[in-house]
Structure formats: structure tokens, C-alpha cells
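Residue numbers (my numbering): 153 to 919.
No residue lacks a Cβ here, since even glycine has one placed at the ideal position from N, Cα and C.
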């Protein structure tokens, strides 16, 4: 098929199983904005590079785009470009509701399953092998990746973005006549014809991929290739998806045809005006991105002249603060949240970006820190709508989790079973998938930790409709723990403790009353009681839970080590510098232990444990350390922990790659895990604004490197947002807006003021 002028080529389809509540399905063309506020290059927050990414270093150099459901890594090579494309729901595996003889759930790609690559797209333009003046960038302000370069005196530009309104990935080539080939590749042995394919995984999940293109020259499809010639402006549209549905009653499947849906979406976008497509995307993206601004101070002209990878390296080797780089790192975390968590499945270990069908730990949902950390940023960063994917996932999985809990938790092979023989409610394992399935060991405290995140979102938003939606999760977790807790005599008093358990990934697997469980269950009971009060329901059961909470054994400081004990033993039963900070969940993310209300001896135990754990670890662990140091108001250690995440990853060392992805070594290879990219920015905001219901504290842990600055749109628990300016390390001005909160105490150093506001009201204070 060949045409000249504005040729439309239907390159084939893919359906996607959207996550969350919105399945992959056709929808009306989005409204096109009449105007949009494009941020010019000289004002935009950007990551930039003087060379293309190489495919061999894709996870360290390629730049990410995403719309929540579809994601892509793009290299930007003028002659041999590549995009690795993913759909959040392309998961193998199944319900996995069996235990092995050792008491573990199968944790492999067949039964448990794995996340995988949907397709690869290659764009080859042989005449562009020799180029000059190259620049590749990720524009965080507009949500667009671009590359520009010169060939034979002509300037060419390549733009890549993933549109949420149009639900497609767009590549636009412009500048002058271009000729080359577009190739669509499957990654599971699919047969590609007419630049499209449709197939199914062994678990029956259907999926498809399609490309559509329009251009001003000649375009012809041949097998897996699309050949274009003399196209001055070429618009390439990728669509793809699965027939996944977030509905356990329907087997997590829809009846839709992914290929037909993908073709419809691709055709609609490819026939739209290219400028209108971009404007629609930018306006939609900015509706979230512009909710928060970050100014941590001015960087030098020399620092600004450096490309982003060189800038990370110089920041590390020179030790000189680079406030604008650090602000960009925070904004990059917000960008990843926007692009990987919208009307979709929640953010897994790698978000939407991977290069292999065998990712580490299957790129699953880890329930002992990782998936929770992925969502610590959203509310703080003005991105509360992006939290919905996590909440919707938990709601959609609840019936499956409840069923397998009743069936298998008290199985005699489970070393963590309830010795009382009782069982109720729901629980999870250390790993979960998208089909209601669990992997690895049972994780008794995982339900309470998931509920901690769910409840704190309510504290930020005060959204009672949301609270009603998640209430069954809170109550079911309480019912589980009511059935699990056992009585033990401690210091002459009968108390309730966790049954045989494992402090996540650390120490003995048969310890009773581990600090992690005692703290997270106390937090669960506190949250549940507050939820019943807010909704006016289940007052009798709330009283029962209060009785259990009052009898919980609470952790102590060991007289031998001076640390908050991780186990009921006064001895250290594990590794001193272990990566996990599980005994500190009551300090962060919990609130039972707080710097302004807890006894000094208890806070000393927290501090001493943090010191013993050390400052060096994986990125996610450094991020957790930073958050704890921020809560202790130790600005220097909090800041250093963030810098330990930001340092360059070289020679297989932990740190930040050129593309700002957090990397660390696992055996013989480097791997990307997204949690630190979201956890470290959370810590940066926690250093600027601390909150809990009833208290907002400004600049609790401000490092000297950020002596003057301003931020807007920081979320605060209790139902508020904060705009804040400071000079010389002191607050000068703050505006507090209510998004549902009514009363809070605003603090800045020794200054205090009680604020009473109605929803939508604001107050500005000058200090």
C-alpha cells in the first residue's frame, strides 16, 4: 500500500488491559485544548545529554515516557532508534493458590508470573548515521522526550511522549525529508504481519500491538516493516494492550478484543493533528505536574552548563551543592509517578520500564517496603490522584487475598500459621501479582502495612467516599490480627504479641512479638478506630479493637545495645547493618513514636539503631534512612542519605544512572528498581514539611545546602496543602490551604499558631 501526500497507514493493534478500574477499551476522542502553556526550553526543568542512549545500556541511559498504562524507554539514536514498550497488565502467571512442601508459594514465572515487555519498535534512517550538534532531553515541565541533531545542514527533531487522553505512545519526526524503516517486534515469539500482532500468554491473557503512521511522503507496509520515503513530518502512533480486567469475579479478564481496540485508538490518534495531539498531552500532563513547584536555591552557571550525567558526577566528586540538580531529581520522581500510576495498575518494582521478560523478582509488588515506598511521594507531591491505582489494586485483589487466606494461611506447611488454629480476614505474602496470586513466604504484617498507606492517603485528602471504599480492607486486616495475636506474660503482665514471624528478610523466622509486627498492628488498630469514627460505623467492633490495642506489647530499648529492639530478645539476632529498617515502622511511616511526643530514651533507641544500621545501603534503604533522619530533625544525616542515592552509579556501584534511574548490582548485572526514585524525593519533601493530623511543622530538617528557597503545593496530613518560602534557613512566608481539613497547629521552630479553616479556605502567615 503506497500513497503520497498525507498518507495514513494502519500499523496494527494491540489491546491493553488497563489496570485499576478502567479496562482497555475504545473511548471517544478527547477534547482538544484551544491553547496550552508550553514551558520554553530555557525555563523548563530538563535532563539532557550530548549523545544517544545505547541499547546495551538501555536501563541506564534510555529515557522513560508513560501514560500510566503504556510505558516506553527510548534511545534517540538518529540512525538506529529503539523503543521498548510495556503494558502494565502484561503479566504471566495465575492465582498461584498452592503451597509448596516448604510452606512457600511458588515464586517463579510460570505459576506466580512475571511482568514482561509488550513490544519493541525500531526506527532506522541510514542517511542519519553521521550527525552533529546532538542533544537529547527529557522535558519534565512538558512531559516530552526529544532529540535534535543536524545532518548536512538540516536540523532534525524527534519527539516522544505517551498521551494519557489518547492512550497511545507518539513518536514525531520533523525537520526535513527523511527516509527509512519502522519495525515492530514482539518479545514472545509473535508473528508480526502488516506491522501488528496479536497473541496470548500461557495463562490465557490476550494482548496485541499496533502502529499507525501519517506522513507527507510515501509510506508502505511490508511484513513487520513500514517503509517511509521523503517524509518531512512523520507521525508514528503505537497502541497496545491486553484483555486484563481488575475484576476477580470475571477471572481478571474482559471479553474485549485487544487488537481491535488498539487499532481504533491508533487510527484515531494518527488521523488527528500532530500539534493538537501534543497540546492535548501537555495540558493533561501539566494538570498534575503543575500542582507543585520546587526551588531549592540557585546553581552556578558552570553547573548549569553540564549535561545531566556529568552534573551528577561533579556533584558527587566536588561535594559542592547543586540545588537545581537536586530539585530536578525530586521533579523526576514526580514525573515517574505521573507517568506510571494513572487509571492503571499500581507501580511495581520497575514501574513501566524494563528491557527483559525475566526481570529481577519478576518486577512484582513487594509488600515489605517497596510498593509502600512507591506511594509515599504521591500525596506529599501534589499527586493524590496518582494514588488511586494503588488503592484500586488493593480493593480488586481483596476477595482473592481473603479466599487464599482462609484456604492456606493455617496450612501446617506455613511456618507462620496461627498456632491458635483461628483464622479470619485477609493476609498477603511478601510478593503479590495482578491475578490475586501470592509469591514466596506468607507475610503476616503485610496487610497492616498496606493499610498504613491506604489510611494515610485519607489523612492527606479527607475524602470520605474513598475511606468507605477502603474500609473493608482495614476491617478485614483487623479481623486477621484479632485471630492471630497470642497472649504472653512480659514483666509480670499479660500482653498480646504476634505469633511466629519473621522481621522482614532479617533474622530468625520463628520469633514471637517482633517489633515490626507489634508496631504496624498498633498502627492498624489506631487507623481502624479513626476510620470507624469518621464514618460513624462499627462502634462495637472499634471498642473490641481498642481493647486489643491496649494490650499490645510495645517494643523496648535494649540495655545491651542501646537500640530499639527488633525482637523481644535484648540481643541483636541479625545483621547490624541490615538493609531493612523494619523495627522503625512505628517511627516512619507510623506515628506512634514521634520526635516531639515520645520519651527521650525511646528516641535515643531509634537514633542508635539508625546509627548502627549505617548510612550506606541500597537506594530504597537510603531513602528510608533519610525519612527517619528527617523525622529526627537531623538535617545533615537526612541530606547525606539523599545524596547517597543521588551519587553516580559507576563500576557496578549503587546509585543513580545517567537517566536518573536508581541502580544497584544483583549478582553479575545491574538492575533498576523504582522505589528509591520515589522514596528519596519523599524524604526531600519530609525535610521541608512534616505533618500528622493536628500538626504541620515547617522546615524540620533543612540542610544548609538549601538555605533559601520556596515550594508550593506540598501535601500535609490533616487535609491541607502548604506553600512555603524561606531565607537564610528561616521561614519567611507560608500559605496553608484546606482540602478538607479543619484544624491544625502550624509550627516553625519555636513559633506556634493554631489554624481553623473550612474546606477551600486558606491563610497566609509571615514570619
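Coil, strand or helix - residue i by DSSP
i, result
"residue 164", "Legend: pLDDT at residue 164 = 30, less than 50; position of this residue unreliable, no value from coordinates given."
"residue 843", "strand"
"residue 308", "strand"
"residue 604", "helix"
"residue 435", "helix"
"residue 320", "strand"
"residue 821", "strand"
"residue 214", "coil"
"residue 761", "helix"
"residue 614", "coil"
"residue 627", "helix"
"residue 446", "strand"
Same chain, Cβ closer than 7 Å to residue i, five either side skipped, listed in chain order
i, result
"residue 236", "210, 224, 225, 269, 272 and 507"
"residue 307", "300 and 327"
"residue 611", "845, 869 and 870"
"residue 811", "212, 213, 214 and 215"
"residue 896", "846, 847, 848, 870, 872 and 907"
"residue 302", "283, 284 and 285"
"residue 900", "850, 851, 883 and 919"
"residue 429", "315, 318, 322 and 421"
8 Å CB neighbourhood of residue i in its chain, flanking five on each side removed
i, result
"residue 598", "519, 520, 579, 580, 581 and 582"
"residue 253", "565"
"residue 714", "756, 757 and 760"
"residue 557", "575, 577, 578, 579 and 632"
When the options are compared against residue i, the one with the closest alpha-carbon
i, options, result
"residue 516", "592, 249 and 558", "592"
"residue 178", "747, 918, 417 and 803", "417"
"residue 523", "606, 474 and 461", "606"
"residue 720", "708, 729 and 713", "708"
"residue 584", "504, 546 and 869", "546"
"residue 652", "586, 570 and 889", "570"
"residue 562", "391, 575 and 260", "575"
"residue 619", "540, 662 and 589", "540"
"residue 275", "644, 389 and 251", "389"
"residue 627", "697, 460, 398 and 671", "697"
"residue 397", "684, 633, 732 and 176", "176"
"residue 313", "408, 435 and 263", "435"
"residue 286", "220, 250, 642 and 205", "205"
"residue 323", "636, 433 and 758", "433"
"residue 560", "528, 548 and 595", "595"
"residue 423", "368, 659, 603 and 886", "368"
"residue 780", "838, 821, 679 and 645", "838"
"residue 891", "614, 677 and 401", "614"
"residue 608", "680, 407 and 903", "680"
"residue 755", "785, 500, 766 and 767", "785"
"residue 915", "861, 888, 531 and 893", "888"
"residue 503", "770, 238, 687 and 555", "238"
For residue j and residue i, believed in contact at Cβ under 8 Å, the rounded distance
i, j, result
"residue 136", "residue 360", "Shown here, the chain extends from 153 to 919; a query on residue 136 therefore has no answer."
"residue 426", "residue 387", "5 Å"
"residue 514", "residue 267", "6 Å"
"residue 728", "residue 764", "5 Å"
"residue 119", "residue 673", "In the structure as shown, the chain starts at 153 and stops at 919, and residue 119 therefore has no counterpart that could be examined."
"residue 321", "residue 311", "With 8 Å as the limit, residue 321 and residue 311 do not qualify as a contact, their Cβ atoms being about 11 Å apart."
"residue 347", "residue 376", "6 Å"
"residue 473", "residue 857", "4 Å"
"residue 787", "residue 833", "Actually they do not touch by this definition, with Cβ atoms about 16 Å apart."
"residue 241", "residue 394", "5 Å"
"residue 883", "residue 841", "Actually they do not touch by this definition, with Cβ atoms about 11 Å apart."
"residue 702", "residue 548", "Contact flag wrong, Cβ pair sits at about 34 Å."
"residue 334", "residue 372", "The Cβ separation is near 11 Å, so there is no contact."
"residue 479", "residue 448", "5 Å"
Sequence-distant residues of the same chain with beta carbon closer than 6 Å to residue i, five excluded per side
i, result
"residue 198", "289 and 291"
"residue 309", "300, 326 and 327"
"residue 353", "244"
"residue 319", "417"
"residue 265", "243, 244, 245 and 585"
"residue 659", "725 and 726"
Three or more C-beta pairs closer than 8 Å, one from the segment 828-845 and one from the segment 480-490: is that the case here?
-> yes
Are at least three pairs of beta-carbons, each pair with one atom in the segment 526-538 and one in the segment 488-499, less than 8 Å apart?
-> yes
For the 8 Å Cβ check, are there 3 or more pairs between the segment 860-873 and the segment 436-454?
-> yes
Inter-stretch contact (C-beta, 8 Å, three-pair minimum) for the segment 451-461 and the segment 185-201 | yes
Are the segment 750-764 and the segment 685-694 in contact at 8 Å, needing three or more beta carbon pairs?
-> no
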